[in-house]
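Colleague: Attaching a single structure in structure tokens format; questions to follow.
Numbering (our numbering), first residue to last: 15 to 100.
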């Protein structure tokens with residue numbers, strides 16, 4: 015567990031995972047992340063902060079999660095999710 019962009023982060027890569035890209039967006043506050051798994055598949059996630067009374071800081075929580083075939087598909091997914099209002 016660590017602090018990242020003012021929130022508690024619990025998403026350290028596990029063995030065989032590589033973070034392909036990670037972008038923090040201030041408005042609306044969210045974190046976009048693409049991870050490649052050991053088997054070569056890609057996972058794209060959009061995270062946002064959730065207030066949890068047991069913690070001093072908000073906690074980063076997964077808003078959307080998808081498996082995709084390519085980095086291009088991941089970027090399309092992120093672009094589409096940016097258009098939606100959460």
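Even glycine gets a Cβ: it sits at the ideal position worked out from N, Cα and C.
Quickly, what does DSSP pair residue 95 with across the bridge? List them, please.
Modeller: DSSP output for residue 95 lists no bridge partner at all.
Colleague: Please determine, among 64, 44, 54, the residue with the shortest C-alpha to C-alpha distance to residue 129.
Modeller: No information on residue 129 is available, as it lies outside the stretch 15 to 100 that the chain covers here.
Colleague: Is the distance from the Cβ of residue 59 to the Cβ of residue 47 below 9 Å?
Modeller: Here residue 59 is near residue 47, since their CB atoms are less than 9 Å apart.
Colleague: Taking only three categories from DSSP, how would you classify residue 65?
Modeller: In this structure, residue 65 counts as coil in the three-state DSSP scheme.
Colleague: Closer than 6 Å by C-beta to residue 35: which residues in its own chain qualify, once you throw out the five before and the five after it? Chain order, please.
Modeller: Excluding positions up to five away in sequence, the list reads 48.
Colleague: What distance in whole Å lies between the Cβ atoms of residue 20 and residue 121, which are believed to be in contact at a cut-off of 8 Å?
Modeller: The structure shown has nothing for residue 121, since the chain only spans 15 to 100.
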